[in-house]
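Listed in order, the protein sequences are those of chains A and B.
For what it's worth, numbering that gives the first Met the number 0 labels the leading residue of the first sequence as 0, then goes sequentially.
For what it's worth, numbering that gives the first Met the number 0 labels the leading residue of the second sequence as 0, then goes sequentially.
We put the beta carbon where it would ideally sit given N, CA and C, even for glycine.
Keep in mind it's a predicted model, so treat the numbers as computed, not measured.
Written below as structure tokens is the structure these notes are about.
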Amino acid sequence: MNHPVGYNADHRLRWTEWLPWVVALAVFFLLPDYLSLGARVLTYILFALSLDLILGYAGIITLGHAAFFGLGAYVTGILSAKLGVNDPLLQMLCSACAAGLLGLATGALVLRTHGLTQLMLTLAVAAVCLEVANKATPVTGGADGLSGVTVAPILGLFRFDMYGRTAYLWCLVLVFGGWWLIRRLIYSPFGAALTGIRENSVRMHAVGAPVYKRLLTVYTLSAAIAGIAGALLTQTNQFVGLNVLGFEPSGELLVMLILGGVGRLYGAFVGPLVFLIAQDFLARQFPEYWYFGIGLMLVVVVLFARGGILGISDAVIARMRRKA
Amino acid sequence: MKTRMSLCVGLAAAAMACAFPAAAQTVKIGLISTYSGPGAAQGDQIDKGAKLYMKLHADKLPPGVKVELITRDDTGANGDVAKRIAQELIVRDKVQILTGVVWTPNMAAIAPLTAEAKIPFVSANASGAKVVGMSPYMARVSFTLCQSAYPLGQWAAKKYKKAYSAVSDFAPGHEAEGCFVRGFKEGGGEVVGTVRIPLANPDFVPFMQRIKDAKPDVLFAFNPAGKQATAMMKAYGDLGMDKANIKYLGTGDITTDEELQGMGDAALGVITMHHYSAAADRPANKAFVAAYKKEYGADLNPGFMVVGAWDAMDAIYGAIRAQGGKIDPDKTMEILKQYKSTTSPRGPMSIDPETRDVINPEYLREVRKVGGKLANVELETITTAIKDPLKEFEKKK
């Protein structure tokens, strides 16, 4: 009931599922001035999708997802600025592999624990990554950030332009790929196993499911997707700062996902969209006080809409059906 | 006949429509600063400096030319946010000149954008040594750390033999340490130890105890301007290092005019080198401080970031005047390169045409009580025009 998307549900695409892509393309043609914001929203959607996969479906609580996001961002940045590898596809691949490996290594440790211990360990992993990046100044640029990132045209054809047209479409393609992969996963038996682990891991052990292996697989995969999101951030900004590894992106991401709705796939679309647009709008109207607006929005959602914004729309639709 | 007539009228109207906006030029300036998060206090100074200048100099613009300031929040040292809002200011708001920026990484992130879009940028604060060179459309009127740390090292070597350096562990700290140590050693002094204190570490006592045990004559300190400097100063006082005859030295960042009152008597006698003090008695500064207090309250002192923003606006207004309100990016950069000011609150300053970096005066100051309040009293003018020493060192190589 709370999680309408899953193995038991009808896995055919509904017409509403095409809606985000239609909107995204419409934005490209109708709002050319907002493409840089659009690219940022898309990057965060991919990042939120990766978190939803482990938090919403597998029930792994994390406050350190930025470790993979940041690693992906730095791998792309270092490849370009220090090693002269400017091909965006290659950068993307390396970022995904590096973040996936880090996911595998840290997941092997983190996933042996539960609850608060797990939360603290994920936080610790991110903090260690941050400090490494801060200290390794010759490689990462330290607190000054890593500049001098150049990205070659995609497939040698599409140059990253100042208006962010290429960046926007490039982000859109990758988000579409990520969405398609994750959607396939959660409707598969593997996805069903994850939901089972989230709901009752003792019982999953009892039926003989390899719980730890399943969790490690999904954690690695999620880390790799977060790494791709990080690489996107670097490619669209051509700059990497220490803040990508900080606590803020992890925390903000969690806020976005909760705002949209956890464990329902499209919550990861709605959350970043609402959060970043509200942030952009409020920051322009009230540069000094915009955090207040964001805080107010969160309080309202937490008090009145436990399922996030999509939870509200579910409730509204249910009520309308009852009346009809 | 009729159609030709209406065509003529139409053409004339079109011509007038084209000519009319030229009479009321609006120059759009984008100000990127930090309005939220832990760095909001610094960003606020830049905001105040720029707005105060605009308010007092509205009549210094050519007739018919207006300036519109568009402010945006970069939320702190977040290069990616700074880059995005700079992009939006250029693409969406169509600004012609950019200024502001507290943090060096943010300026570095904006650099490629200013080069591609040909938008002149004037740094009001960000002071990393190399960052101005990253784009031909960037200039700086703030300062570099080496400009104060290097002459301070030279000066200290004349009076003291043994020094210990303690800086915050991030790029500007490393720069300050390198320049002080170089100046001190060149002057014949001995550096008995250096330590880099983590930026996120608020407990200074263990570090200070170690320094006290090493018994240097002077302690050179650098922290990012703000609360950390106060905490380190308190540790210095609590451990009785002043009584152990260890003199406390630093760049002006450790005794900023807006933080000074919170430091207490531990700060008394601290010697710093900097390009600006609110307590300076130059007439230009007195008028500036009076205007600031009138606008924002008698208890507030303008810090060096206010001056940075003030002078950035002065340089920009100069460029607007010289071009009669029609901003051409390349001409603007040529004008900025020639920028000289005798009316800056900090004293005579200019921009080095070669590096587009600032040439500053430097003053030796001591914290004293003036009328019951702590103040950075200027003792001596060390130099009236110092270029960034780091770039000069590199030229010699």
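(request) Over the uninterrupted beta strand (DSSP E) stretch that includes B/S257, give me the two end residues. (result) The sequence given here places Glu at residue 257 of chain B; Ser does not occur at that position. Taken as a continuous stretch (DSSP letters only), B/E257 belongs to no beta strand (DSSP E), as it is neither H nor E.
(message) As a quick exercise: from A/F268, A/S312, A/V138, pick the residue whose alpha carbon is nearest that of A/W17.
(response) A/F268
(request) With a 10 Å radius around its C-beta and 16 neighbouring C-beta atoms as the bar for buried, classify A/R320 as buried or exposed. (result) exposed
(message) As an exercise, report each continuous beta strand (DSSP E) stretch of at least 3 residues that is fully enclosed by the region 145 to 183 of chain B, in chain order.
(response) 161 to 167
(request) Quick one: using the 10 Å Cβ neighbour count with 16 as the cut-off for buried, is B/K157 buried or exposed? (result) exposed
(message) Give the list of continuous beta strand (DSSP E) stretches no shorter than 3 residues that lie fully inside the region 206 to 255 of chain A.
(response) none
(request) Report buried or exposed for A/L24, applying the criterion of at least 16 other Cβ atoms within 10 angstroms of its Cβ. (result) exposed
(message) Please identify, using Cβ separations under 7 Å, the residues of the region 53 to 82 of chain B that lie next to chain A, in order along the chain.
(response) T70, R71, D72, A76, N77, G78, D79, K82
(request) Note down, in chain order, all residues in the region 114 to 134 of chain B with a beta-carbon under 9 Å from any beta-carbon belonging to chain A. (result) E115, A116, G127, K129, V130, M133
(message) Are the CB atoms of B/H274 and B/F142 within a distance shorter than 8 Å?
(response) yes
(message) Residues of chain A with CB closer than 9 Å to the CB of B/T103, please, in chain order.
(response) A142, D143, G144
(request) Find the residues of chain B that neighbour A/S35, judging by a C-beta separation of less than 8 Å, and give them in chain order. (result) R83, Q86, E87, V90
(request) Could you check if B/N244 is buried or exposed, using at least 16 other CB atoms within 10 Å of its CB as the buried criterion? (result) exposed
(message) Using a Cβ-Cβ cutoff of less than 6 Å, which residues in the same chain neighbour B/P344 once the five nearest sequence positions on both sides are dropped?
(response) A283, N284, F287, V306
(message) Within a Cβ cutoff of 8 Å, which residues of the same chain sit near B/Q208, ignoring the five residues on either side of it in sequence?
(response) L238
(request) Report the rounded CA-to-CA distance for B/V26 versus A/Q237, giving the unit in angstroms. (result) 29 Å
(request) Taking a Cβ distance cut-off of 7 Å, strictly less, list which residues of the region 24 to 58 of chain B are near chain D, in chain order. (result) Protein chains in the displayed structure are A and B, and chain D is not among them.
(message) Residues in the same chain with beta-carbon distance under 6 Å from A/A80, minus the five sequence neighbours each way, listed in chain order, please.
(response) L145, G147, V148
(request) Sort B/Y34, B/Q86, B/S32 by Cα distance to A/P31 and report the nearest one. (result) B/Q86
(message) In chain order, what are the residue ranges of uninterrupted alpha helix (DSSP H) at least 4 long that sit wholly in the region 319 to 372 of chain B?
(response) 328 to 336
(request) Determine the DSSP secondary structure at B/D232, reduced to helix, strand or coil. (result) Rather than Asp, the amino acid found at residue 232 of chain B in this sequence is Met. B/M232 falls in the helix class under three-state DSSP.
(message) Classify A/W178: buried if its beta carbon has 16 or more other beta carbons within 10 angstroms, exposed otherwise.
(response) buried
(message) Once DSSP output is grouped into helix, strand and coil, what is the label at A/G147?
(response) coil
(request) Measure the C-alpha to C-alpha separation of A/A57 and A/L12 and round it to an integer number of angstroms. (result) 22 Å
(request) From the DSSP output, in three-state form, read off B/T98 for me. (result) strand
(request) Go through its chain and collect everything with a Cβ distance to A/A97's Cβ below 8 Å, but skip five positions before and after it. (result) L70, G71, V74, G226
(request) Compute the Euclidean distance between the alpha carbons of B/I385 and B/P360, then round it to the nearest angstrom. (result) 6 Å
(request) Would you mind sorting B/P62 into buried or exposed? The rule is 16 or more other CB atoms within 10 Å of its CB. (result) exposed
(message) Give me, in chain order, the residues of the same chain whose beta-carbon lies closer than 6 Å to that of B/I270; leave out the 5 immediate sequence neighbours on both sides.
(response) L248, E365
(request) Kindly indicate which three-state DSSP category A/K81 falls into: helix, strand or coil? (result) coil
(message) Can you find the residues in the same chain that come closer than 7 Å, C-beta to C-beta, to B/V357, ignoring five residues on each side of it along the sequence?
(response) R139, V140, S141, F142, M348, I350
(message) Does A/H113 pass the burial test, meaning 16 or more other C-beta atoms within 10 Å, or should it be called exposed?
(response) exposed
(request) Compare the C-beta of A/Q237 with all C-beta atoms of chain B and state if any pair is closer than 8 Å. (result) yes
(message) In chain order, what are the residue ranges of uninterrupted alpha helix (DSSP H) at least 4 long that sit wholly in the region 44 to 95 of chain B?
(response) 78 to 90
(request) Could you give the DSSP three-state label for B/N375: helix, strand or coil? (result) strand
(message) Comparing C-alpha positions only, which one of B/K394, B/A321, B/D387, B/A81 sits nearest to B/S147?
(response) B/D387
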